[in-house]
Every structure is written in structure tokens, then in C-alpha cells.
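Line by line, the protein sequences give chains A and B. Using my numbering, read the first sequence as starting at 109 and increasing by one per residue. Using my numbering, read the second sequence as starting at 109 and increasing by one per residue.
2 protein chains.
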Amino acid sequence: MSGQQRRVAGKRLKRIDGIGKVTGKHVYASDFALPGMLFGKVLRSSEAHARIVRLDVSKAAALAGVRCVLTAKDIPQIRFGTAIKDRTMLAEGEVRFRGEAIAAVAATSLEVAEAAVRAIEIEYEPLPAVFDPEQALQPGAPLVHAGWSDYQALPVFDRDGNISGRSSMGSGDTAAGFAQSHRIYEHRFTTQHVHPGYTEPRTAIASWDGNGDVSVWSNTQLPFDMKNMLAEVLDLPANKVRVIVPGIGGGFGGKLRVGVEHFAAWLARKSKRPVKVMTTSEEELTDAYPRQPTVVTLKTGVSRDGLLLAREGKVILDCGAFANSGPATAAIALQVLAGPYRSPNLAFEGIAVYTNKGSTGSFRAPAGPMANFAVESQIDLIADDLGIDPLELRLRNVYREGDRGPAGETLTSISIEECLRKAAAAIGWTQRKPGAGRGKGIACSWWLTTGGSSGVYVKINPDGTVTVVSGAVELGSGAMTGAAQILAEELGVDLTDINATDVDTHVSPYDYGAQGSRTAFSVGNACIAAAKDLRRQIGELVAPLWNVAPDSVRLEGKGVVSGNKRMSLAEVAGLSQRTGGGLISHGTAIQPMPVFDPNRVKNHPLPAWTSHSFHAHAVDLSVDDVTGEVSINRYVVAQDVGFAINPTYIEGQIEGGVAQGIGQALSEEIVYDGGRVLNANLTDYKMPTMMDMPRVECILIEKPSVNGPYGAKGVGEPPCIQPPAAIANAIAVATGIRVQALPITAEKIALARLKDGD
Amino acid sequence: MSGQQRRVAGKRLKRIDGIGKVTGKHVYASDFALPGMLFGKVLRSSEAHARIVRLDVSKAAALAGVRCVLTAKDIPQIRFGTAIKDRTMLAEGEVRFRGEAIAAVAATSLEVAEAAVRAIEIEYEPLPAVFDPEQALQPGAPLVHAGWSDYQALPVFDRDGNISGRSSMGSGDTAAGFAQSHRIYEHRFTTQHVHPGYTEPRTAIASWDGNGDVSVWSNTQLPFDMKNMLAEVLDLPANKVRVIVPGIGGGFGGKLRVGVEHFAAWLARKSKRPVKVMTTSEEELTDAYPRQPTVVTLKTGVSRDGLLLAREGKVILDCGAFANSGPATAAIALQVLAGPYRSPNLAFEGIAVYTNKGSTGSFRAPAGPMANFAVESQIDLIADDLGIDPLELRLRNVYREGDRGPAGETLTSISIEECLRKAAAAIGWTQRKPGAGRGKGIACSWWLTTGGSSGVYVKINPDGTVTVVSGAVELGSGAMTGAAQILAEELGVDLTDINATDVDTHVSPYDYGAQGSRTAFSVGNACIAAAKDLRRQIGELVAPLWNVAPDSVRLEGKGVVSGNKRMSLAEVAGLSQRTGGGLISHGTAIQPMPVFDPNRVKNHPLPAWTSHSFHAHAVDLSVDDVTGEVSINRYVVAQDVGFAINPTYIEGQIEGGVAQGIGQALSEEIVYDGGRVLNANLTDYKMPTMMDMPRVECILIEKPSVNGPYGAKGVGEPPCIQPPAAIANAIAVATGIRVQALPITAEKIALARLKDGD
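What follows is the structure, encoded as C-alpha cells:
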């Protein structure tokens, strides 16, 4: 397939799943219902750390309409978790955060289920708690998990006490580097809990069949992980658990892990009826998978002309009461700290810490905004101090083609300079402070395209239309449309000829899941593999009929062609059904692992990045001189996407990511008072709305990757990484105030002005 | 896989779908429901042939709860049909049988839908009708389809006037053969309409999604045919139609073609709500796919020692108002007439005829019992006349290994002599008339294993369990358990490690369908192909790790083995997911077409049989000397199954087939008075019950086929072929009365006694 004459890939075509979604007819998991289903609700702890002294469900169980009440005593206590198996479905004896599940109820209506939860009687005996991750690291701090050493865990991480995982990355000799430095800068930055903000609450409907198999309809991003996790928690073989994703109203990493699926499955098993469980906003803001808060400290030594001679950094990441992806996120932070900058001497450490707060997870670009906020804020601080333009300072330090990355891997397809120059030119960088209270900021980063394998089945129907069965969920990003565009290109059909099915783990081929910016990339590659196999099958079928060489057979214009011979794809598909199994193929793809130096990266699950992308954000904003309120005038993103499979949906991804980044930069925070969330509702938890959003100007740069379909790179996660740093840098230019703790609320700016004696 | 050491195949293991079915928890299509669904009902013609003069649905549409009323005016009139596209979903202007659909209604309850059907006003103008197939062939008979010549049809059949299809088979010179004959016998036999008698009514639930795609849950036997047929009738591309078979309570060929799926789909499309439509017993007995009535005439010339020197035969088959599979059934009758007997001179003709009666179809072993009843009754009549033992006469004439079949194909794996001898020995043939009013009869036949391709996806889960996704429906026969036993054997796992998914045309690989005794045979072969590919994948995965040759790697004991190296299948599956797409394969299988002489068979869709089976039935019965009631004392079936994949379920197939055959022999008949069915209910339509059934003694003969998995042959259809002939022959021995018109009711025997002056 030559790059020059693409008919479908690269075009701004409409989404294959679009009409149902814009007309409101699409059935999401939250819309899904089964006849006769019950409604499940969960009793959650009102204490941050306590022993359960008494738990009496008798009044709840006696309510009319209640079909099942479960406590830890009623089900096997099977520990589960991503990095560490540290959590049970229902707390047994001890609760570790306010919001932890203690009992679950199924009833004939939601109202009865809620009444039953309220009717459960419980008494606690408080235990010492710890809420601050730095305090949790102190000797003698209360242990969140007294029994941690017995828990099963992934061996890769180094763990101890309240530390759920510790990773490190280093090269050269930072002490020597600092000794050579012209100046050394030390800064501390903090970031907050941020909810992924998906539109659709986490939902699951479970139903058991007569053979003792369970089907779970859920809006999970990772149906195959979910299936294996449920098999574990339900103590079943994996082939007796079926996870189906009818539709998912956003995920952003917040739907990677079990939400309410295990409650629905156990309640349905015990009540012998289908059960639906859906979270409330309060549950979302107390027991979901928000972005972990972090404390990032950086020590950077530079030469007189601003080259980064030595860099030390530490990320302390508060993963709450259960580790989940905290250890991995703390590890990924190290690459974000490192890139996209050269430095001969590096020493970075990432530590994930337990506290008695709600669980956390892998929100879009996990670790990205936290580490990038620190690095890119400090770059501006250094530039200001050295009197070098921040853009210029960046350009002096960024990676060049063929450089070694932090793990010693060879970096290729590097476009960071182009991203920076184009973003700066678009924002009008030469005039950084166009007026009073107004300023421009820039920030850049790099990111990976996550690996893992993808599989598709592709079937050509006897009328020439095509059905693709993938194990990857369409999160709403358009990724499956992108993959279908690649498939249409390869098969010589139109995008409208292709449909994609929902994921059903019983029948879909395995996929590593809709995570890590990999879906269009990886499913697209699987489609190329499947199409290649179909071309081979078609060649072998028609070559003897036409007396031509099988490899002379091409697919074009919904037909099969060799020389002046031609059959429609429909005819060939019909012929194949009559004479064989039909035109069906299974394509798989997996990214190769890059070669890296294992001495540079320790205790890290993802030591070197593949098919990395580069990106720069530039912002022009104004700050109200009384209230401190920030208004964004213009926002520019220059992002290297490798190849823009569908520019429209990539721009959609960029706009959405910037919106989430602006939220993290300026307004969003799950506010804890000790162990209590003060703003567990969507009025007080302030996400940006359409009215808060600037127009986002997207500059798509196409520096082809080696591994991606037609050179594409992952595009989904990066747009939310740089807004906090770019905005912080612009605010500093506009106001002279440097805020090092996210979110940069109007209040913080106004208070800082007061402190500065404004 | 050597035949000697099988662990799973050939064993009497429990069904993989058994527990749900015996506990009543399995969800069949008729159990399936969607939230908010409407109920559909159909207005049916009360006239056999008439013009519709007035049709007023206004009162029906005005009823509270009615959401949609459809007549032919409301939808495009798209003709559909198997052999001939001669039918529309709703009659337009003209009705052709009592029971033809005229309007369809969807309402919020079944009661309202029924009231709405009653509220539709209709006036007819009668047209001349024809009910008898022989009369329909007369010049000047009313034409059932005046416009037949414009209909699209399969080109294979010869059609004309009321003849919907005509096929012929011949060899040698029958005139010369008759000239050489010692005696010539001419007989006429008739058979009746018999309903397949599946437990579950035909049911469909249709639901349209936001993208304009339709999902139809149905108990169809042929989901892929159904999908294509619905795409046609709904005027949609095939990839927008999804057919899912949640479970099917028996089919027996009666659920091959569209039942109520098109009504559900159109009503759902127009009402914008899911719609369920399910047939009543009355609808089943007036507009379903019962076995066609036939008139069979035979002329047979024999030598002095009983060799069949010349045979002529004609089957006139009454297919009712629409052709459906009538032309193909009339063609298949020719092979049944021919076999299992050698004869140098043959001339057979099969004619399918339109009449103004209900439609008919391909009930289990289509054409089998009708043609076999004639042939095997006549053999006994000839034997009696010649004074030769009927068993001996058969043995003198049956096929021998290497003989030519009726299409000139070479016959192999012939076991008819063994079947006859074993059945005769078991029934105690030496004493054919053990007492007054008691007699023994025997009948034999052959049958094919239908071809067409089957595909499976096989996935090995990371815990070592196995999921198989097939496009073939489990009809209740245990065929999918048989296929799974073969898969378990090939993969070195237990049967309980395997589960099979429901068929869903979007995701399942193509399969020619659960018909023609092919499911275990063909899906089993596909499983062997899939397992072979998995062994290759596994070999390529572990060989480099172990430094062994890939083809040294074996699968056994749920593990992967080479020399003294071993890994569990679970470990290998997990490794494959991490490093590739997981252990997934697509296996397909199709039977090769036999070589035949095209001059011998004309206008025939299935000119030569493959993987044929042989079978003999023997019965010992008593006839009440007053009432004529028949009591079966013993029933023996000797059937060549090639290889008994699971003897228990094969015996189940034999018992069920014999029950249906006994019903056709003795009691079942859809009784027409002109165009009106007199017994359209399950009280007056008399199927045998458990109390009427003798114990069936099964003798499984294993003469391996060339094409079947481990030598298996199709087993599902044959058991219902011979009961009418075997029973008729035994009644003749017991009473001296030869009944040549099925069913042989007590009344017919008693009346014949009166005529004989008894």
C-alpha cells in the first residue's frame, strides 16, 4: 500500500459508530437492562481506618423486595489487585478508607436497595490512620496494610511498609554532574487527585446461565483483564466468565480495573437473578480510580549556556488504600521526568505510597501531567534565572535523532524540535507578554505508544461487506474507525462497507485493551495482518481459475483484480463459502520490545518506550487582576501523530485531552480533609465545561514511526500532559506568580498576590 | 491421533450444554426477552385461494397499546424463497393458502396484539383452487402462481406450470430390463403431511440499534442463511444484520427457513421498539415446514431369483403454495428410491408440485421415509410373491464395496449387509410370526452426510481452558458435545475444559448450518484443523525456548511436551498472549465432492452422496384383533455411524428418530379437508408420547468413512427413515393386511379387515 494514493486512511471520514451515538440510540452499558433484573447497591465505610466491631444486616434483609445481602462472611475472601493483591471485594474486619465497600445488597428496585443499605447496622472501633504520603514514609507511621508482606504481588516492584512500589532510573554520575554545574536548582511541586470525568458511570449487569457460566455486561476498557479478574474473584475457570462491552461512555483509564462488576456478579450468583449495579457521583469521587496526587522534587544542574548536566528527581505518589496501578505509575513518571531532554547524568526515583484515602488509578497518560508539570515548570524557572528564552533553552536540550533514551534505547523518529517551533510560531512566541495580566507559556513532552498484542477476525460477507471482530473496545475516541479505515484501505472497500462488533470475551480474539494510546495503532496493525492473509486466501482461490500467479491478485474497487481479469469481492466471498470456509482471517500484531540497558532502569514494568510521540503545547492567557481568574485566549497543540489516520478524530482527542489538562491545571481537585472527601459531587468538583474551553488549534506533525500502521503513533493520551505546565508558565509570565501546587485556582493566584504585597 | 488410545472421543461423556438444559435454566429463543419489547401477531388468510378485495386496519391501529400495523402496502414487496423466490412476507392482493400472512401487528401485550389482529377487516373474492398434487398436474388446473415464469429461481430445476421442480436419475435401459424380467410389479404408495414436532415454537426477537443495524435472536437452524435472507427482505447490506441463536428447542429441519424472523424485524423497524413474535400450535400446523405428502409409484422387474433387473419410479411431492425445499426434496427422493440396491436399469423421476395448501419443508431426512416406505414395502411384496425371505431378497440385492452408486460414483465403506444381519439377528428373524396378530418386519436404507463448510475459532484461555466459537447451532442432538470431544482429544484436555458459545453471525465463523446430519461430522473436522494449527503455533513458540524441533512438540495431559520438557497449556497460553496474539486458531473443513456421471442425474442439486451411512430397522409388533391398534414389542436399529463419537448421544438420536418414524408410520397427519386443516392443534394432531414408545435397541456399527473425523459418519437423520416401512412390513406379517397409505392408523387396519370380510 503506497502512501501516495490512499483512498480511505488519512481521510476525514465519519465514524462507523457515529449515528447511533449522536442520535442517542446507542446502548451503553448504563442503558443495558435484562428482564427481571435486580438492582445492587453497596454499603461503604464512613471511617478512614477502623475495625468493624458489629455488622448486622438482619433489618436490611427483612425489607420487602430485598433478595440478597452480602457481607464478607458470605463469599470467599479472595484478594485481587493490579500490582499487589491487596483488596477484597468486601472489607472483612477492617476498613482502610472512607468509601470502602462493606456490604452489597440486591433488591427489586433501586430505592429498596438504597433503603436496605441504610438499614444495615454497623459499629466501628477507630484505628490510627495516615493521610499524607510523606508522613506515611516516616518510621512509626501507621501501616495501612499490616499484613502486606503476605500479599501476592508482581515481583518487579520493590515494596516495604507503606511503600507499595519503588522504581529507579539512572545513568552517569549526578554528583560529578552537579560538581561541574554552573548553577543547581531545587524545586518542589505538588499535584492533586483528579477524576477521569467520563460521562457514563461505571456499570455492570451480571447474569448466570444454567451451566453455571456468568455473563457480565460492563463498560470496562479491558474486557480480557476483567474476565480473568472475575474468574479469580468468582473462583471459576476463565472459560465460564464472559465479559461483553455493549458501549462505553468514556474511560480515560478510569475503567481499566474492576468497578462494580464483582458486586453485580456475586449478587447475581447469590440471588439467582440478573443484577445491575451502577455508581453514583458520590461513589465516583470517593472510590474510583482518579489520578494519584504526587509530590515531585527536582534537583537540576546546568551549564552556563543552559545544558542540563545533572538531574535528580523523586516522585512520591499517593496511591491511597490500595496499590492498583500506583507502583507502575510511579515508574512511568521516571520517563516523563527524563524526556524529552538529553542529560548525561540522571538519577530518578518513583515511590508509590499507601495512605488511608480512596483508591487511585491510571488516568490518561498516567504520571504524565504530574511529572511534566514539575519538569516544564522548572525549565521555565531555570530559563528565567539564566536569562535564556524558555523556548531556546528547550531547543538546546531536546533529543536529536539517534540519541539514547533514558533506558539506553536508541531513539528514532524524533520530532520534538519541529513540535516546539510550530507551536511557538502559532502562538506568536516573539511577543510573550502582549499586555498587562496576559502571558504566553509553552511546555513539551514525549510519550509512548503502549505495546501488547491485538487480534482481529475479519470476515468478508457474501455481499462484499466486511465485519471486523476485535477484542478492543471503542472508548469513544474513534480509534476503531481509524482501524476500520486502515482495513478498508487494505481490502479496497469503502469505510461504510465495514462494521465492527462489540467486544465479547467469549468470541472476540484477545486484545491487550483500549489503553495506552494503542487502540488504532495496534488494531490497525492487526487489520493489516488480517488483510494480508485475506489477500493470500483470495489469491489462492482465484489464481487457478484465472491461470495467473496468486501474488498478481490485487484488491481494489470492491473487487479482485489480476491483469484484465476481475471479480467482485462479493462473488469471491460467495465462492469461498461454497468451496471452503468463507473469507475469514485472524490477524494479530504486537510491537517489538526495544533493546535497552537493564542497568539503567530498576524495578520498572515498562523500562523502555516504543513508538514514542512528541508534542508541544503553547497557550496565551489572561489573568484577572482582582479575582485571579484565568481566561485562555488561545491554545495551540503541535503533536507528532506519525500518520494522521483520521485527522478529525485526532483533533477530537487533542481537544478532549486539553480540556482535561485545563481542568487539572486550573480547577479540578478531589479535596480531602484527612480521610474525608469534601466535594464528592459534580457541583463542587469543578470540571471545565464547554464554556470554559478555548478553541484548540491543532497542528498535526507526521514523522512516521517504525512500528505503526502507515507510520501512525499513539495519539490519545498525550494531549492532557502539558496543559498544567504550559498554563503555569503562562501565568508566571502574565502575573509574575509561580504556583507550584496544582490546581492553580484563582484563589491561589489572588492569595499569592496578597502575600507578594500586591 | 491413533484410534487405539482415545481418552475423550468415543466416550459416553456428559453434554457440555447439559446442566442448563436439564435444570430448565437454559435460555432458549422463546425464553429470550428484551426490556420494553412489544409482541407481534400475524393476521392469516381464512381462504385457500382468493383475491383480497378490502383490507382495513384502521380499527386495529386505533386500539390502545397497538404500536404498529403492517400490510403489504407498508413495506417493499421483496420475494424470497429457497428454490424459487415465490413468496412475500405479507400477501399482496392475492392469498394462496389458508394461513398465509396478510398483516402483522405489534402491541404492548400479546392480548392487545391478538385483539388487533381480530379487529382487522378483510373481504375476499374466491379464486379457483387446487389441493391434490396429481390434479394440479392436469392440463387446465388452476395455477397456484399465475406469475411463476417471472420469479427468480435456482437454475438447476426444471419447472413449468404448477411444477416447481422436476429432477430425474437413470442408467441402463429399463425397457430392456423389464423385457428380461421374470416378473414385473407395479405399486402406488402415499404419504402424509407430518410436522417436525419440535418442542419449542418458532420464535424471533428483533431489535434495531442506533446505527440502523438489526439484531435478531431466533431459534433458526441456519443463522447464516437467515442473515442473508433477512438482509434481502430488509434491503440491507449483510453486515447490518446480526442473527443470534441463544438456544433452540429442537429443529428437525423445520427451522431451516424463515419462520417469524422477518415479521419481528419489520415490526421492530417500524415501531422503533424490540418486537418478539412466537408461533402458536395452530400456526405451526397451518404455516410451518412439515414433511411434504407424496404419491410414489414404482414399477420393478425381477429375475427368477429376485435380482432387481429394472426399476422405474416416480415421486410426486406436494409442496403446498410455496416451493421452498420441495424441488430439492423431490430430487433427494431419487437416491432413496435407488439405494441401497444394485440394479442395472433405473429410471426415476421426482416432481414437486404447487397446491393451495400450507408450505412444507425439509423435515429430518427429507424424502427419506416417503421413498423408503414405497421401496421397502414393495421389496416385501415382491419377496412374498416370489416366496423368498424378505431379508434374503434384500441381501441378494444390496450394494457391495466398490459398487457404482446411482450417479455413477464409486461407493466405499459399505456396511448394509452387516446392518441387515445384525438387526435381523437381534429381532429373532428366524421366527417372523411368533403368534397370532404378531409379526416382525425389517427395512433398510442408506443416507448421506451433507457437505458444506464449517469453521471454528478455538481460543486457549490463559488458564488452559478452551473456548470454541462455531457457526453451527446445537439443536439438542449433542452434536456440539461430539465436536468438543474431538477438540479435547486433539488438544490433550478434558471435555469439561471446553465450552462452546452461542452462534452469532457477526462474530461466529461461517458454517453451512445444523442440517443434513453434518454438525458433529463437519464441526469435528474443523476442530481437528484448528487443533492442528494450534499445535503448529505452540511448536513454533516453545521449540526455540527448549531448543527442540517444532514438530517434536505434543499436546497431552493439559500440557505441552517434548522429550523431558513440559509446560502446562495455561503457561503456554499466557506466554502467547504476552508475546503475540494468544493461542487462537481458525479451522475450516469441507467435504470433497464425489466424482459422478452427469448423464445419470438431471436437474439435481445434490447429484451424488458423500460419506453415506447404512442402516437396518427391525420391529416386532402386535395388532389388536378388534381395534387394529398396533403395539410395538421390540424395536431394533442397526446403524453404521462410522465412528461413535459419543455413543450415548447417538443412541439418543436413534431413539428420537425412531419416535418420529413411528409417529409417521402410525398416527401423525396434518389432515386437510380441501384447503382447511382439520386438526390444527396438539390434541388432534397425534404425536407419539413416551407411553407410546418401545425401548429402542441400538446396534452401532463402525465402518469408518473416508472423510469424517476419526471415520465418523452423519447419524442424525437416518433413524426416522425406515420405521414406516419396517412397521408396515411387520403389520402385513401380523395381519395379512398391506396398507400402502401412511399413516397406518388402527382405523385403516380395522376397515381393511372389514373389507377383507374379516
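Quick reminder that beta carbons are idealized off the backbone N, C-alpha and C, glycines included. The structure displayed is predicted, hence computed values, not measured ones.
Discussion item. Taking contact to mean 3 or more Cβ pairs, one atom from each stretch, closer than 8 Å, check whether the region 494-503 of chain B and the region 451-469 of chain B are in contact.
Written reply: no
Worksheet item: Where are the alpha helix (DSSP H) runs, 4 residues long or more, that stay fully inside the region 245-308 of chain B, in chain order?
Response: Complete alpha helix (DSSP H) runs here, min 4: 282-288.
Fill in: Inside the region 713-774 of chain A only - beta strand (DSSP E) runs reaching at least 3 residues
721-731, 738-748
Worksheet entry | Presumed contact (8 Å Cβ cut-off) between A168 of chain B and I228 of chain B, rounded CB distance | Along the second sequence, read from residue 1 onward, the residue named residue 168 of chain B stands at position 60. Along the second sequence, read from residue 1 onward, the residue named residue 228 of chain B stands at position 120. Between I228 of chain B and A168 of chain B the Cβ distance is about 5 Å, and since that is below 8 Å, they are a contact.
Discussion item. Could you compute how far the alpha carbon of H720 of chain A sits from the alpha carbon of R115 of chain A?
Written reply: In the first sequence, the residue the question calls residue 720 of chain A occupies position 612. In the first sequence, the residue the question calls residue 115 of chain A occupies position 7. Their backbone Cα atoms lie some 27 Å apart in a straight line.
Worksheet item: With respect to the beta strand (DSSP E) encompassing C176 of chain B, which residues constitute its N-terminal and C-terminal limits?
Response: In the second sequence, counting from the first residue as 1, residue 176 of chain B sits at position 68. Residues 174-179.
Item to complete: Answer with yes or no whether the minimum CB distance from V814 of chain B to chain A is below 8 Å.
Response: Numbered from 1 along the second sequence, position 706 holds the residue referred to as residue 814 of chain B. By this cut-off, V814 of chain B is not an interface position.
Fill in: Nearest-angstrom Cα separation, counted from L151 of chain A out to S110 of chain A
Position 2 of the first sequence holds residue 110 of chain A. Position 43 of the first sequence holds residue 151 of chain A. For S110 of chain A, the pLDDT reaches just 41, beneath the cut-off of 50, and the residue's location in the model is therefore unreliable, leaving the point undetermined.
Discussion item. Under DSSP, the beta strand (DSSP E) around G421 of chain A begins and ends at which residues?
Written reply: As a working mapping, residue 421 of chain A is identified with position 313 in the first sequence. Note, G421 of chain A: beta strand (DSSP E), 416-428.
Worksheet item: Which residues of chain A have a Cβ atom closer than 7 Å to the Cβ of H694 of chain B, listed in chain order?
Response: Locating residue 694 of chain B in the second sequence gives position 586, where the first residue counts as 1. Result: I692, H694.
Worksheet item: DSSP on L859 of chain A, reduced to helix/strand/coil?
Response: Taking the first residue of the first sequence as 1, we reach residue 859 of chain A at position 751. Reduced to three states, the DSSP call for L859 of chain A is helix.
Worksheet item: If we call anything under 8 Å between Cβ atoms a contact, is V302 of chain B one with A314 of chain B?
Response: Looking up residue 302 of chain B in the second sequence gives position 194. Looking up residue 314 of chain B in the second sequence gives position 206. No. Outside cutoff.
Practice prompt. To the nearest angstrom, report how far apart G584 of chain A and G824 of chain A are at their CA atoms.
Written response: Start at 1 with the first residue of the first sequence, and residue 584 of chain A comes out as number 476. Start at 1 with the first residue of the first sequence, and residue 824 of chain A comes out as number 716. Cα-Cα distance, rounded: 11 Å.
Worksheet item: Name the chain A residues whose beta carbon is nearer than 8 Å to that of I127 of chain B?
Response: Within the second sequence, residue 127 of chain B is the residue found at index 19, counting from 1. For I127 of chain B, the neighbours in chain A by C-beta distance under 8 Å run, in chain order, G318, N319, G320.
Discussion item. Between B:C527, B:R120, B:R419, which has its C-alpha nearest P826 of chain B's C-alpha?
Written reply: If you number the second sequence from 1, residue 826 of chain B lands on position 718. The residue with the shortest Cα to Cα distance from P826 of chain B is B:C527.
Worksheet item: Residues of chain B with CB under 8 Å from Y618 of chain A, in chain order?
Response: Locating residue 618 of chain A in the first sequence gives position 510, where the first residue counts as 1. Result: K567, Q685, G689, G690, I692.
Item to complete: Indicate the three-state DSSP secondary structure (helix, strand or coil) for Y618 of chain B in the structure shown.
Response: On the second sequence, position 510 is the one that residue 618 of chain B refers to. In the three-state scheme derived from DSSP, where H, G and I count as helix and E and B as strand, Y618 of chain B is classed as coil.
Worksheet item: Do S625 of chain B and T696 of chain B have their CB atoms nearer than 8 Å?
Response: Within the second sequence, the letter at position 517 stands for residue 625 of chain B. Within the second sequence, the letter at position 588 stands for residue 696 of chain B. Inclusion of S625 of chain B and T696 of chain B in the CB contact set at 8 Å is not warranted, their separation being larger than that value.
Worksheet item: Which parts of the region 792-847 of chain A are runs of the alpha helix (DSSP H), unbroken and 4 residues or longer, counting only runs that do not cross its ends?
Response: 831-843
Fill in: Opening and closing residue of the beta strand (DSSP E) in which T575 of chain A lies
The residue given as residue 575 of chain A occupies position 467 in the first sequence. First-last of the beta strand (DSSP E) with T575 of chain A: 574-578.
Fill in: R226 of chain A - containing alpha helix (DSSP H), residue span
Stepping through the first sequence from its first residue, residue 226 of chain A is reached at position 118. Element bounds for R226 of chain A: 218-227.
Worksheet item: So the beta strand (DSSP E) L121 of chain B belongs to, where does it begin and stop?
Response: As a first step, residue 121 of chain B is located in the second sequence; it is residue number 13 there, counting from the start. Careful: L121 of chain B lies outside any beta strand (DSSP E) and carries neither H nor E.
Practice prompt. Excluding the 5 residues preceding and the 5 following S616 of chain A in the sequence, name in chain order all residues of the same chain whose CB lies nearer than 6 Å to its CB.
Written response: As a first step, residue 616 of chain A is located in the first sequence; it is residue number 508 there, counting from the start. Here the set comprises V577, G579.
Practice prompt. Identify the contact partners of A339 of chain A in chain B, using a Cβ-Cβ distance below 8 Å as the criterion.
Written response: The residue labelled residue 339 of chain A in the question sits at position 231 within the first sequence. Contact note: A339 of chain A reaches chain B through D571, using a C-beta cutoff of 8 Å and chain order.
Worksheet item: With C-beta atoms as the reference, is A834 of chain B less than 8 Å away from V727 of chain B?
Response: For the purposes of this step, residue 834 of chain B is identified with residue 726 of the second sequence, where counting begins at 1. For the purposes of this step, residue 727 of chain B is identified with residue 619 of the second sequence, where counting begins at 1. Taking 8 Å as the Cβ cut-off, A834 of chain B and V727 of chain B qualify as a contacting pair.
Worksheet item: In its own chain, which residues sit with a C-beta less than 6 Å from the C-beta of T405 of chain A, not counting the 5 before and 5 after it?
Response: By one-based count along the first sequence, residue 405 of chain A stands at place 297. Contacts found: R296, K422.
Practice prompt. Just the C-alpha distance for P652 of chain B and C635 of chain A, rounded to the nearest angstrom, thanks.
Written response: The residue labelled residue 652 of chain B in the question sits at position 544 within the second sequence. The residue labelled residue 635 of chain A in the question sits at position 527 within the first sequence. In a straight line, the C-alpha of P652 of chain B is about 27 Å away from that of C635 of chain A.
Practice prompt. Would you decide whether Q243 of chain A is buried or exposed? Buried here means 16 or more other CB atoms lie within 10 Å of its CB.
Written response: In the first sequence, counting from the first residue as 1, residue 243 of chain A sits at position 135. Classification for Q243 of chain A: exposed.
Fill in: Short CB-CB distance (under 8 Å) between V366 of chain B and chain A
The residue you call residue 366 of chain B lines up with position 258 of the second sequence. It does not; no Cβ of chain A falls within 8 Å.
Item to complete: Could you check how far apart the C-beta atoms of S630 of chain A and S562 of chain A are, in whole angstroms? I think they sit under 8 Å.
Response: Counting from 1 along the first sequence, the entry for residue 630 of chain A is found at position 522. Counting from 1 along the first sequence, the entry for residue 562 of chain A is found at position 454. Correct: roughly 4 Å between the Cβ atoms.
Practice prompt. Assign N707 of chain B to buried or exposed, taking buried as 16 or more other Cβ atoms, counted over all protein chains shown, within 10 Å of its Cβ.
Written response: For this step, residue 707 of chain B is matched to residue 599 along the second sequence. Exposed.
Practice prompt. Taking G629 of chain A as part of the alpha helix (DSSP H), name the residues at either end of that continuous run.
Written response: In the first sequence, residue 629 of chain A corresponds to position 521, counting from 1. First, the residue type needs correcting, since residue 629 of chain A is Phe and not Gly in the sequence shown. Here the alpha helix (DSSP H) through F629 of chain A covers 627-654.
Worksheet item: Comparing the C-beta of G584 of chain A with each C-beta of chain B, is any distance below 8 Å?
Response: Reading the first sequence from its first residue, position 476 is the one you call residue 584 of chain A. Using a CB distance cut-off of 8 Å, G584 of chain A does not count as an interface residue toward chain B.
Item to complete: Give a yes or no on whether 8 Å exceeds the smallest Cβ distance from S110 of chain B to chain A.
Response: Within the second sequence, numbered from 1, the residue matching residue 110 of chain B stands at position 2. Below a pLDDT of 50, predicted positions are generally treated as unreliable, and S110 of chain B, at 41, falls in that range; no measurement from the model is reported.
Item to complete: May I ask you to report which of helix, strand or coil DSSP gives R114 of chain A?
Response: Translated into the one-based positions of the first sequence, residue 114 of chain A becomes position 6. In this structure, R114 of chain A counts as coil in the three-state DSSP scheme.
Worksheet item: In terms of residue numbering, what span does the beta strand (DSSP E) encompassing A314 of chain A cover?
Response: Translated into positions along the first sequence, residue 314 of chain A becomes position 206. Note, A314 of chain A: beta strand (DSSP E), 311-316.
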